[in-house]
Amino acid sequence: MFDFSIITNWLHDFLMGTCGFAEWGAILTESVLVALAIITLYAVFAIALIYMERKVCAAFQCRLGPMRVGKWGLLQVFSDVFKMLTKEIISMRQSDLFLHNLAPFLVVTASMVTFSCLPWNMGAHIIDFNVGVFFFLAISSIGVVGILLAGWSSNNKYSLIGAMRSGAQIISYELSIGMTMLAMICLTGTMSFSEICQDQYVNGWNIVRGHVPAVIAFLIYLVAGNAECNRGPFDLPECESELTAGYHTEYSGMHFGYYYLAEYLNLFICAGMASTIFLGGWAPLHIYGLEGFNGVMDLVPGAVWFLGKTFFVVFLLMWLRWTFPRLRIDQILSLEWKYLIPFSMVNLVLMALCVAMGWHF
Amino acid sequence: MEEKSYFGGIADGLKSLTTGLKTTMREFFTPKITEQYPENRATNVMFDRFRGSLTMPHNEQNQHQCIGCGLCQMACPNDTIKVTSEFYETPDGKKKKRLVKYEYDLGSCMFCQLCTRACPHGAITFDQSYENAVFDRSKLKKVLNHEGSKCVKE
Chain H
0 MFDFSIITNW LHDFLMGTCG FAEWGAILTE SVLVALAIIT LYAVFAIALI
50 YMERKVCAAF QCRLGPMRVG KWGLLQVFSD VFKMLTKEII SMRQSDLFLH
100 NLAPFLVVTA SMVTFSCLPW NMGAHIIDFN VGVFFFLAIS SIGVVGILLA
150 GWSSNNKYSL IGAMRSGAQI ISYELSIGMT MLAMICLTGT MSFSEICQDQ
200 YVNGWNIVRG HVPAVIAFLI YLVAGNAECN RGPFDLPECE SELTAGYHTE
250 YSGMHFGYYY LAEYLNLFIC AGMASTIFLG GWAPLHIYGL EGFNGVMDLV
300 PGAVWFLGKT FFVVFLLMWL RWTFPRLRID QILSLEWKYL IPFSMVNLVL
350 MALCVAMGWH F
Chain A
0 MEEKSYFGGI ADGLKSLTTG LKTTMREFFT PKITEQYPEN RATNVMFDRF
50 RGSLTMPHNE QNQHQCIGCG LCQMACPNDT IKVTSEFYET PDGKKKKRLV
100 KYEYDLGSCM FCQLCTRACP HGAITFDQSY ENAVFDRSKL KKVLNHEGSK
150 CVKE
């Protein structure tokens with residue numbers, strides 16, 4: 000298995016030794032480099048995901064999707080991005096300008112920080128410490144603040160209703176996300192993402208190790224994750240028919256672009272977290288007893304495994320989105336409070352029982 | 000509708016959700032119906048009932064079915080059709096009507112098909128052409144009977 004820490008250690012030694020940086024200088028330089036890499040990846044994945052969404056949605060609706068701009072419409076998203084960049088950012092009278100301008104940055108910051116929690120490869124964890132899962136949950140909640148601020152500062156009733164719905168929905172569904180993650184932490188015994196992945200590399204993927212409770216947790220996570228990303232069938236905060244566009248009605252230009260970007264990256268982060276916690280992150284597929292097969296699987300780089308699994312989960316989420324009709328707000332809340340939370344609680348107990356009795360693999 | 004039990008509701012819900020997922024997954028792999036228009040110009044065929052523009056079919060001997068009765072002209076709500084006919088004498092001394100000129104203005108046609116329904120001989124029909132845009136409206140006026148054509152009954 001290729002260990003990415005070889006490269007990071009080499010860079011660190013290079014900066015410290017050859018360039019003669021002090022410890023703090025080397026770490027500062029590395030942080031800037033990593034931040035640049037993360038922001039670039041963020042933009043690249045946003046473009047890839049928007050293209051994928053349009054194509055997958057089209058295929059589910061028996062259409063072809065974008066086909067004109069570039070071969071198979073590959074340049075369509077790029078041209079959309081450039082269009083967005085040229086748009087004017089309109090500031091409105093009667094709105095709280097400071098908060099109005101701050102809100103998209105909060106949303107995009109939350110999304111970027113959670114983005115860097117993902118395990119890209121063995122040794123390529125960017126934010127990784129002993130309470131990683133906890134940190135992830137905490138940071139992802141900052142996005143709600145951005146959404147609520149956007150709704151409040153726009154001085155628009157649709158935005159406010161959209162933001163309130165979004166707040167109610169995201170805060171509710173965070174409970175079952177937390178509970179399913181807790182069930183998996185119960186199995187792995189650690190909250191650090193690198194150790195979770197390392198553990199799955201050695202012992203097999205969590206969804207296989209934890210069998211029944213892990214599969215239940217995975218299903219609950221998919222539903223709750225979809226709701227967390229404000230995507231259909233839970234796209235009430237921005238329902239076009241009643242609320243024009245919900246909390247980002249009054250945004251234009253790149254400020255709207257940030258919401259759009261964060262929405263798609265949240266989808267990716269949600270899928271990436273599912274693949275980290277349930278499907279092994281960068282850990283390759285190992286079948287117990289087949290050493291030759293495992294050796295071949297180890298040759299495939301971890302980043303490929305991680306992205307493959309993540310895009311698989313993204314596809315699952317898109318499949319859900321383009322299949323199910325939208326829920327009403329009362330149905331969304333009763334789904335969470337009457338069904339998902341009791342189920343994830345029972346599942347947590349079940350998982351604890353499995354771990355305590357040693358019923359897992 | 001009777002109230003379902005908690006677990007019965009979940010089971011029913013899961014069943015209908017999986018049915019939906021199955022349907023969309025089947026749709027995902029079916030051939031797509033999108034027509035890529037200018038590229039598929041050579042192969043694209045409109046469906047049979049498409050009303051492109053009015054035509055008068057002629058056979059190989061340059062004969063059409065029209066007897067010049069003018070019923071289509073009377074049926075047309077927009078005065079789109081103008082039938083010019085003349086009387087002639089048959090060899091056995093009868094006077095009969097025949098078509099001289101059948102004018103049709105695509106620009107004022109609303110494709111209601113009243114003319115084709117009114118025609119007692121099935122002489123006119125709508126074809127499947129769909130590229131009917133032109134740069135000058137005078138080009139929309141067409142004469143449907145071919146040069147030197149005759150009625151099959153003549």
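The listed protein sequences correspond, in order, to chains H and A. Using numbering that gives the first Met the number 0, you'd call the opening residue of the first sequence number 0 and step up by one each time. Using numbering that gives the first Met the number 0, you'd call the opening residue of the second sequence number 0 and step up by one each time. Where is the CB? At the ideal position from N, CA and C, for every residue including glycine.
| message | Please confirm whether A/Gly19 has its beta-carbon closer than 8 Å to some beta-carbon of chain H. | response | Proximity of A/Gly19 to chain H, defined by a Cβ-Cβ separation below 8 Å, is satisfied.
| Just by C-beta distance, which residues in the segment 262 to 292 of chain H are closer than 9 Å to chain B? | Within the model displayed, chain B is absent; protein chains H and A are what it includes.
| field | Backbone CA spacing between H/Ser78 and H/Ile126 [nearest angstrom] | value | Counting only the Cα atoms, H/Ile126 lies some 33 Å from H/Ser78.
| For A/Val133, which residues of its own chain have a beta-carbon under 8 Å away from its beta-carbon, when the five flanking residues on both sides are left out? | Leu139.
| H/Arg164, DSSP secondary structure in three states | It is helical.
| request: Show which residues of chain H have a CB atom less than 8 Å away from the CB atom of A/Ile123. | output: Around A/Ile123, no beta-carbon contact reaches into chain H at under 8 Å, the shortest distance being about 36 Å.
| message | Alpha carbons only, please: which of A/Thr79, A/Cys75 and A/Phe86 is nearest the one belonging to A/Gly106? | response | Ranking the options by Cα distance to A/Gly106, first place goes to A/Thr79.
| request: Would you decide whether H/Tyr287 is buried or exposed? Buried here means 16 or more other CB atoms lie within 10 Å of its CB. | output: Counting the other CB atoms within 10 Å of its CB gives H/Tyr287 a total below 16, which places it among the exposed residues.
| Buried versus exposed call for H/Ala45 [16 or more other C-beta atoms within 10 Å across all chains shown] | So H/Ala45 counts as buried.
| task | State whether the segment 109 to 118 of chain H contacts the segment 158 to 178 of chain H, with contact taken as three or more CB pairs (one from each stretch) at a distance under 8 Å. | result | Output reads no: the segment 158 to 178 of chain H does not touch the segment 109 to 118 of chain H.
| How would you list, in chain order, the residues of chain H whose beta-carbon sits under 7 Å from the beta-carbon of A/Thr29? | Taking a Cβ-Cβ threshold of 7 Å, the residues of chain H close to A/Thr29 are Cys61, in chain order.
| request: Compare the C-beta of A/Glu26 with all C-beta atoms of chain H and state if any pair is closer than 8 Å. | output: Yes, A/Glu26 lies at the interface with chain H (some Cβ there is under 8 Å from its Cβ).
| request: Could you run through the segment 302 to 323 of chain H and flag, in chain order, every residue whose CB is less than 8 Å away from some CB of chain A? | output: Within the segment 302 to 323 of chain H, the residues whose Cβ lies closer than 8 Å to some Cβ of chain A are Trp318, Leu319, Trp321, Thr322 and Phe323, listed in chain order.
| field | Beta-bridge pairing of A/Cys177 - partner residues as DSSP gives them | value | With chain A represented from 0 up to 153, any question about residue 177 of chain A goes unanswered, as that position is not in the structure.
| said: Can you tell me where the alpha helix (DSSP H) holding H/Asp329 begins and where it ends? | reply: Residue range Ile328 to Ser333 is occupied by the alpha helix (DSSP H) that includes H/Asp329.
| Counting only beta-carbon atoms, is H/Tyr172 nearer than 8 Å to chain A? | For H/Tyr172, the nearest beta carbon of chain A is not closer than 8 Å to its own beta carbon.
| field | Per-residue burial, A/Glu2 [other beta carbons within 10 Å of its own, 16 or more giving buried] | value | A residue is called buried when at least 16 other Cβ atoms come within 10 angstroms of its Cβ; A/Glu2 does not meet this threshold and is exposed.
| field | Where the beta strand (DSSP E) through A/Gln80 begins and ends | value | Note on identity: in this sequence residue 80 of chain A is Ile, with Gln being the wrong assignment. Run containing A/Ile80: Ile80 to Glu88, per the beta strand (DSSP E) assignment.
| request: Starting from the beta carbon of A/Thr33, find every residue of chain H whose beta carbon is closer than 7 Å, and list them in chain order. | output: The answer, in chain order, is Arg62 and Leu63.
| Residues of chain H with a CB under 7 Å from the CB of A/Ile80: which are they? | Correct list: empty, because the minimum Cβ distance to chain H is about 39 Å.
| request: Whole angstroms is fine: what's the gap from H/Ala102's alpha carbon to H/Leu221's? | output: Cα to Cα, the separation comes out at about 27 Å.
| Alpha-carbon to alpha-carbon, H/Val143 and H/Tyr257 | The C-alpha of H/Val143 is placed about 14 Å away from the C-alpha of H/Tyr257.
| query | So which residues of chain H does A/Thr23 contact, with C-beta pairs closer than 7 Å? | reply | Simply Phe59, Trp318, Trp321 and Thr322.
| query | How close, in whole Å, do the beta carbons of A/Leu98 and A/Gly67 come, if the pair is a contact with beta carbons under 8 Å? | reply | A/Leu98 to A/Gly67, Cβ: 4 Å. Contact.
| Extent of the continuous beta strand (DSSP E) run through A/Lys141 | Taken as a continuous stretch (DSSP letters only), the beta strand (DSSP E) holding A/Lys141 covers Lys140 to Val142.
| Using the C-alpha atoms, what's the distance from H/Gln60 back to A/Gly168? | Look at the range of chain A in this structure, 0 to 153, and you will see that residue 168 of chain A is not part of it.
| query | Name the chain H residues whose beta carbon is nearer than 8 Å to that of A/Ile9? | reply | Listed along chain H, the residues sitting closer than 8 Å to A/Ile9 by beta-carbon distance are Tyr338.
| field | Minimum Cβ-Cβ distance from H/Met344 to chain A less than 8 Å | value | Chain A contact via Cβ: absent.
| message | For H/Gly76, tell me which candidate among H/Phe97, H/Tyr50 and H/Asn100 has the shortest Cα-Cα distance. | response | Here the sequence assigns Val to residue 76 of chain H, which means Gly is not the residue at that position. The closest CA to that of H/Val76, considering only H/Phe97, H/Tyr50 and H/Asn100, is found on H/Tyr50.
| task | State the CB to CB distance for the pair H/Thr322 and A/Thr23, rounded to an integer number of angstroms; the pair is presumed to be in contact (CB under 8 Å). | result | Right, the Cβ-Cβ distance comes to about 4 Å (below 8 Å), so this counts as a contact.
| request: Can you tell me the Cβ-Cβ gap for H/Ile146 and H/Thr108, rounded? I've got them flagged as a contact below 8 Å. | output: Beta-carbon to beta-carbon, H/Ile146 and H/Thr108 are separated by about 13 Å, too far to satisfy the 8 Å threshold.
| task | Please check the pair H/Gly209 and H/Cys18, which I expect to be a contact at CB under 8 Å, by giving their CB distance rounded to whole angstroms. | result | Actually they do not touch by this definition, with Cβ atoms about 46 Å apart.
| Can you pull the DSSP bridge partners for A/Phe125? | In DSSP, A/Phe125 forms a bridge with A/Leu53.
| field | Continuous alpha helix (DSSP H) stretch holding H/Glu262: start and end | value | Here the alpha helix (DSSP H) through H/Glu262 covers Gly252 to Ile276.
| query | In terms of residues, what are the limits of the alpha helix (DSSP H) holding H/Arg208? | reply | H/Arg208 -> alpha helix (DSSP H) spans Asn205 to Arg208.
| request: Would you mind stating whether H/Asn205 and H/Met183 have Cβ atoms separated by less than 8 Å? | output: Yes, Cβ-Cβ distance for H/Asn205 and H/Met183 is below 8 Å.
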